[in-house]
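To convert, take the position in the sequence shown, counting from 1, and add 456; that gives our numbering.
These notes are about the structure you will find just below.
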Amino acid sequence: MINTFDELYVYFSEVYLTKDRTSRECDLIEGLCRLNKNDHVLDLGCGHGRISNELARRGYRVTGVDWCERALEVAVNDSLNSGVEVDYQSKNFLSATWDGQFDCVISWYTSFGYAGDKESQEQLSKIKSMLKEGGVFLIDHINRDRYLANRPAANVEERDGNLMVDYFDYDVRSGRLNIAREFNCDGRVLEAPYSIRLFALTELKGWLEMSGFKEVSSYGITGEAFCLDSKRMILVGMG
Numbered sequence: 457m458i459n460t461f462d463e464l465y466v467y468f469s470e471v472y473l474t475k476d477r478t479s480r481e482c483d484l485i486e487g488l489c490r491l492n493k494n495d496h497v498l499d500l501g502c503g504h505g506r507i508s509n510e511l512a513r514r515g516y517r518v519t520g521v522d523w524c525e526r527a528l529e530v531a532v533n534d535s536l537n538s539g540v541e542v543d544y545q546s547k548n549f550l551s552a553t554w555d556g557q558f559d560c561v562i563s564w565y566t567s568f569g570y571a572g573d574k575e576s577q578e579q580l581s582k583i584k585s586m587l588k589e590g591g592v593f594l595i596d597h598i599n600r601d602r603y604l605a606n607r608p609a610a611n612v613e614e615r616d617g618n619l620m621v622d623y624f625d626y627d628v629r630s631g632r633l634n635i636a637r638e639f640n641c642d643g644r645v646l647e648a649p650y651s652i653r654l655f656a657l658t659e660l661k662g663w664l665e666m667s668g669f670k671e672v673s674s675y676g677i678t679g680e681a682f683c684l685d686s687k688r689m690i691l692v693g694m695g
């Protein structure tokens, strides 16, 4: 069993997490968060840094946090090769002393919901405390209702004849999507299972409001008003 988001994930994700996609997503983040130049942005669950590094290229001060050290190595190397500066850190941000330091905190591409409900709610309260007065929190997640309407059994990504296969099993009692991930590479099969909490819009919005966020609004991945058919669920709350 291997790390779900280690170098093999980075290898496959380069196929669909393209530079054009990253640019479009950063355009959306800038617009929804109404970022100003020199704003300090915290990217929680930054992974291999595609969003952090692009925001830094655009002139923002960026801190990226992730627990996967291999992904952070990729992020740091990309930032050095691109000539941009990002403060990358491997840590549990719940223990960080960052009260009131950030203009914007983002949790992009389903980086939230791996912990249990109690810890996840603690994370939202911590995020609220890390924002400056009037700061913005943006969270991008799976649209649970669209997922349940379609109920895909699996998803397959292919690169150079190698496969990354995700088998899905939704637990209606816990609200968690259990993913049995398999990497089929060079004749080897490696397993990397993980689990993520899915949310109805009203539930996640309620969690944000209970954590002190105000004026919580919802969007789809192109910035449209959120609806049942939206491919993603994006919430923006004011600190």
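Ideal Cβ placement from N, Cα and C applies to all residues, glycine included.
| Item | Value |
| --- | --- |
| Sequence-distant residues of its chain with Cβ nearer than 8 Å to L515 (five each side left out) | Residue 515 is actually Gly in this sequence, not Leu. Correct list, in chain order: K493 and N494. |
| Contact between the stretch 553-565 and the stretch 631-651 (3+ Cβ pairs under 8 Å) | no |
| Euclidean distance between Cα positions of S535 and Q545 | 14 Å |
| Integer-rounded CB distance, given that T460 should sit under 8 Å from R506 | 17 Å between Cβ atoms; not a contact. |
| Beta-carbon separation (whole angstroms), V471 vs E613, contact threshold 8 Å | 6 Å |
| Distance CB(V592)-CB(M694) smaller than 8 Å | yes |
| Any non-hydrogen atom of the ligand MG within 7 Å of L498 CB | Because no ligand of any kind appears in the structure shown, any question about the ligand MG cannot be addressed here. |
| Residue range of the alpha helix (DSSP H) that includes L478 | For the record, residue 478 in the displayed sequence is Thr; it is not Leu. T478 -> alpha helix (DSSP H) spans K475 to C489. |
| Beta-carbon gap between L500 and F468 smaller than 8 Å | no |
| Contact belief for L657 with G631 at Cβ below 8 Å, rounded distance in angstroms | That pair is no contact at about 13 Å. |
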